[in-house]
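Asks: Residue numbers (our numbering), protein chains in the order written: chain A, 846 to 1077; chain B, 846 to 1077.
Number of protein chains: 2
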Amino acid sequence: MGMKNKSAVVIFSGGLDSTTVLYYALNSGYNVHAISYEYGQKHIIEIQRAKKIIELNKNTQHIIVPISARLFTNSALTGHGIIPKDRHDINQEFIPVTYVPARNLIFLSIAAAYAESNDIHEIFIGINSQDYSGYPDCRNDFISSFETTVNLATKAGRSSNGISIKTPLADLNKKEIIQLGKDLHVPFHLTWSCYDPYTDSSDQQKPCNHCDSCLLRLKGFHDAGINESEIS
Amino acid sequence: MGMKNKSAVVIFSGGLDSTTVLYYALNSGYNVHAISYEYGQKHIIEIQRAKKIIELNKNTQHIIVPISARLFTNSALTGHGIIPKDRHDINQEFIPVTYVPARNLIFLSIAAAYAESNDIHEIFIGINSQDYSGYPDCRNDFISSFETTVNLATKAGRSSNGISIKTPLADLNKKEIIQLGKDLHVPFHLTWSCYDPYTDSSDQQKPCNHCDSCLLRLKGFHDAGINESEIS
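#1: Compare the C-beta of Tyr944/B against all C-beta atoms of chain A and say whether one is closer than 8 Å.
#2: For Cys983/A, name the three-state secondary structure that DSSP assigns.
#3: Output the residue ranges of the beta strand (DSSP E) runs that lie fully inside the segment 992–1061 of chain B and measure 3 residues or longer, sorted by chain position.
#4: What's the call for Ser858/A, buried or exposed, on a 16-neighbour Cβ count within 10 Å?
#5: Excluding five sequence neighbours on each side, which residues of the same chain lie with their C-beta closer than 7 Å to the C-beta of Met846/A?
#6: On the three-state DSSP scale, how would you describe Asn876/B?
#7: Give a yes or no on whether the minimum CB-CB distance between Met846/A and chain B is below 8 Å.
#8: Kindly identify the DSSP beta-bridge partner or partners of Lys930/A.
#9: So with CB distances below 9 Å, who are the chain A contacts of Arg932/B?
#10: Would you kindly report the start and end of the unbroken alpha helix (DSSP H) that includes Glu891/A?
#11: Identify which residue in Ser881/A, Leu1014/A, Ile909/A and Pro911/A has its Cα closest to the Cα of Ile988/A.
#12: I want to see whether chain B comes within less than 8 Å of Asn789/A, judged by CB atoms only; does it?
#13: According to DSSP, is Gly847/A part of a helix, a strand, or is it coil?
#14: Look up Ala853/A in the DSSP assignment and give the residues it is bridged to.
#15: What does Glu883/B reach in chain A if we use C-beta pairs closer than 9 Å?
#16: If I'm right that Ile1010/B touches Ile965/B with Cβ under 8 Å, what's the distance once you round it to whole angstroms?
#17: Please identify, using Cβ separations under 7 Å, the residues of the segment 986–999 of chain A that lie next to chain B, in order along the chain.
#18: With 8 Å set as the bound, which would you pick, yes or no: does the beta-carbon of Val855/B sit closer than that to a beta-carbon of chain A?
#19: What residue from Thr999/A, Thr864/A and Ser1074/A has the CA that sits closest to Asn919/B's CA?
#20: Can you find a C-beta in chain B that's less than 8 Å from the C-beta of Ala957/A?
#21: With a threshold of 8 Å between beta carbons, is Asn973/B in contact with chain A?
#22: Drop a sphere of 10 angstroms on the beta-carbon of Ala853/B, count the other beta-carbons inside from all chains shown, and report buried for 16 or more, exposed for fewer.
#23: So, is Lys1019/B buried or exposed, given that buried needs 16 or more other C-beta atoms within 10 angstroms?
#24: For Glu961/B, tell me which candidate among Gly926/B, Asp982/B and Leu997/B has the shortest Cα-Cα distance.
#25: So what does Val910/B bridge to, in DSSP terms?
#26: Going by beta-carbon coordinates alone, are His1030/B and Tyr868/B separated by less than 8 Å?
#27: So which residues on chain A does Asp982/B lean against when the C-beta distance must stay under 9 Å?
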């Protein structure tokens, strides 16, 4: 682990991908400012999980930013429509109903404001295009274009010391992300993926195991040869 | 006035520029959804003025979106530092301390989410580069880059019916904006420009008449040959 003389913002949902990115940044020697967003997501439990994961990393700052949920009135992920189940052959070209309009654009823009306010020049985000490129704002061409735009938008970018967007998972599939996470000692049992949790008889939130996000997670652990129930 | 079969989002602060843009869009026949942001600005009075202006335009929707003020901890405009006074020779190349990190990037990103959620494809913003190009996020190259990015970020943009950013004031100076506003019957007396208002003995908020924004406004009215006190 290197000297902690550099800082980074990590966009951190409490999910499998962004938690792996968090641990990647920590392991690379960054002082991490993790930023989580509350935007009316049905799976708000992910924020509780994000808090628990941060509790394991005492030197990490955690910023939770609310975003007005009324902006996102046509996404199944914010309660407007049914979350699809059992789509085992997810079409990479089709944009799913769980798409949230301009979500990563907003997440990155707010992260950039926070970064610039704190003289931080690197922003990590856990996008990965191989497994699930249906979301337009998870693709590499968007990230590349955003990086250009954010440097035109900011004082930092107009100087010689601009803002860089880091996507360490960009070329990994879910199996590879899980393998990387295992190497980095990611607490998988605390990460949350399910879009559509239910409450069981003991008042615990449980993953549905049938939404796109659950299916990708289950397949990823299967492909990586890891039994998730044995690692918690 | 044209048929109101098209809609637009207008980023609307209650200031001189964005109110002129609001009236421009209304006069061009758009159904307008005006979006105002509360981000911890010292001159929060501008939002009260925005509400009053919308009251004059009954068919206009007004959306007020809070943005966590703790994101912007190094701007004089959000109370961190002194607002400069009496800078009669504003240097166009120097970024002022009233710069708010990534503000227009966030404003446009949130407006894009709202637009896409409501099947709107045009977003108006009152940037103008001639009078005051010190803010990086008010320049044409930023807007052009953002337009590319937002269309990569969104479902709308990935389809054939993308999002367009309209900047009708881009090439106007303050005098010309005021002349346009006069033609459009903008209620100038309700618009608010001052960064650093004070409360007078009758508990009214008053403009300081010395900050950059006041000076540009005063000069604009002077150059346009309009006596502001006679038009309210």
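For every residue, glycine included, the Cβ atom is placed at its ideal position computed from N, Cα and C.
Replies: To lay it out plainly:
#1: yes
#2: helix
#3: 1009–1011
#4: buried
#5: Confidence is the limiting factor: at Met846/A the pLDDT is only 46, short of 50, which leaves the residue's position unreliable and the question unanswerable from this model.
#6: strand
#7: Its pLDDT being 46, under 50, Met846/A is placed unreliably by the model, and nothing is read from it.
#8: Cys1056/A
#9: Per Cβ cutoff of 9 Å: no residues; Arg932/B is ~18 Å from chain A at best.
#10: Ile890 to Glu900
#11: Leu1014/A
#12: Any answer about residue 789/A is impossible in this case: the structure gives chain A only from 846 up to 1077.
#13: Low confidence applies to Gly847/A: its pLDDT is 46, below 50, so where it sits in the model is not reliable, and the reading given next is rough at best. Three-state DSSP puts Gly847/A in coil, outside helix and strand.
#14: Val877/A
#15: Within 9 Å Cβ-Cβ: nothing; Glu883/B doesn't reach chain A, min ~10 Å.
#16: Not quite, the Cβ-Cβ distance comes to about 12 Å (not below 8 Å), so this is no contact.
#17: Asp986, Phe987, Ser990, Phe991, Thr993, Thr994, Val995, Leu997, Ala998 and Thr999
#18: no
#19: Thr999/A
#20: yes
#21: no
#22: buried
#23: buried
#24: Leu997/B
#25: Tyr882/B
#26: yes
#27: Leu997, Ala998 and Thr999
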